[in-house]
Amino acid sequence: MIPKIIHYCWFGGNPLPDKVQMCIDTWKRHLSDYKFILWNENNSPIHHPFVQEAMRLKKYAFASDYVRLWAIHKMGGIYLDTDMYVVKSFDDLLHNRFFCGYENSKDKIINAAIFGSEPHFKFIEIILKKYDTLQIPSDVSIETITIPRIITDIYNEWDEKEKITIYPYDYFYPLPQKKHRTKNFVAYSTENTYAIHLWNLSWLTIREKILLRFYWFAKSLGIKK
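And the structure:
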């Protein structure tokens, strides 16, 4: 059983953008009986080598990748990216041992903008161990060590898939990546939708955003690296 705890991360000390605050307001509206925990420089495991390097390079998205896994493994609950717009309660998801969602209808890529787990779930422990040896070269190509790729690769090799629930894309990712500028994003929701990922990329530099959006565009054309 997944506890009613919402975890989210914000590193770097900058004020929350308006779009992020709008999303957080929807959490409190639909998840009013959940506990909310913000993870930042003051309460996160920033001593971990991967997180230390991410913080040194000011690649806060990578720091968040590790911290979200660490927090969920330690306490259980549901992690949310700060650009997740919630449209209804998550209570129906709490029976799972671990849940996540595919990021689109074509690729079998597991995104991690939202996922939930009971505490000390073995799958998360395996992913965390991956980060013990993962390094961030200063010239990293942004898509090569993103958490969706890591989780998907480990899931594909895991033998206990029956313990994991992966929901179709429209549960959490009904808005296509290429439509990230759309203002009427709620129109993309379906009767299955619990939340809408807005693909805001708040922590990335302009160069990293361009690289990642180019990567998404290449994927949409079927171009693989």
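All residue numbers for the sequence shown refer to my numbering, where the first residue is 2 and numbers rise by one.
Yeah, the Cβ is synthetic: ideal placement off N, Cα and C, and Gly gets one too.
All values derive from a computational prediction rather than experimental measurement.
Check whether residue i and residue j have beta carbons under 8 Å apart
| i | j | result |
| --- | --- | --- |
| Tyr67 | His49 | yes |
| Tyr170 | Phe91 | no |
| Ile197 | Ile152 | no |
| Asp84 | Lys20 | yes |
| Leu135 | Phe12 | no |
| His8 | Tyr80 | yes |
| Asn97 | Gly77 | no |
| Trp28 | Val88 | no |
| Met2 | Glu163 | no |
| Leu176 | Tyr168 | no |
| Gly102 | Tyr35 | no |
Per-residue DSSP class, three states only, for residue i
| i | result |
| --- | --- |
| Phe99 | strand |
| Met2 | coil |
| Lys59 | coil |
| Leu176 | coil |
| Asn201 | coil |
| Asn193 | coil |
| Phe230 | Coverage of the chain is limited to positions 2 through 226, which leaves residue 230 absent and any answer about it impossible. |
| Lys109 | coil |
| His121 | coil |
| Lys48 | Going by the sequence as given, residue 48 is His instead of Lys. The answer is coil: DSSP assigns His48 none of H, G, I, E or B. |
| Trp71 | helix |
| Tyr156 | helix |
| His31 | helix |
| Leu17 | coil |
| Leu135 | coil |
| Glu161 | coil |
Residue from the options with nearest C-alpha to residue i
| i | options | result |
| --- | --- | --- |
| Ile47 | Ala113, Asp133, Phe37, Thr153 | Asp133 |
| Ile6 | Phe63, Arg69, Phe12, Val187 | Arg69 |
| Ile125 | Arg182, His181, Ile165, Asn41 | Ile165 |
| Ile137 | Ala64, Arg150, Tyr168 | Ala64 |
| Ile115 | Pro16, Asn15, Trp200 | Trp200 |
| Leu94 | Phe186, Glu163, Tyr172 | Tyr172 |
| Trp40 | Glu161, Cys10, Ile148 | Cys10 |
| Asn43 | Ser33, Arg57, Gly14 | Gly14 |
| Phe99 | Tyr156, Ser190, Lys184 | Tyr156 |
| Pro149 | His121, Pro177, Leu176, Ala113 | Ala113 |
| Trp159 | Lys123, Glu192, Pro18, Tyr35 | Lys123 |
| Lys179 | Asp154, Lys131, Glu104, Glu192 | Glu104 |
| Asp108 | Met56, Asp154, Asp26 | Asp154 |
Residues that DSSP places opposite residue i in a beta bridge
| i | result |
| --- | --- |
| Thr1 | Any answer about residue 1 is impossible in this case: the structure gives the chain only from 2 up to 226. |
| Val87 | Ala196 |
| Cys10 | Trp40 |
| Ile115 | Leu81 |
Same chain, Cβ closer than 8 Å to residue i, neighbours up to 5 away in sequence not counted
| i | result |
| --- | --- |
| Gln53 | Ile47 |
| Leu129 | Tyr67, Leu70, Trp71, His74 |
| Met56 | Phe12, Glu42, Ile47, Ala64 |
Residues near residue i by beta carbon distance below 6 Å, same chain, minus five either side
| i | result |
| --- | --- |
| Val141 | Per-residue confidence for Val141 stands at a pLDDT of 49, beneath the threshold of 50, marking its modelled position as unreliable; the derived number appears in the next sentence. No residues qualify anywhere along the chain. |
| Pro4 | Gly77, Gly78 |
| His181 | Trp200 |
Short CB-CB distance (under 8 Å) between residue i and chain C
| i | result |
| --- | --- |
| Gln22 | The chain labelled as chain C is not found in the depicted structure, where only one protein chain is given. |
Own chain residues within Cβ distance below 7 Å of residue i, not counting five before or after
| i | result |
| --- | --- |
| Ser106 | Tyr170 |
heavy atom of the ligand MN below 7 Å from residue i C-beta
| i | result |
| --- | --- |
| Arg30 | Questions concerning the ligand MN fall outside what the structure shown contains, since it holds no ligand whatsoever. |
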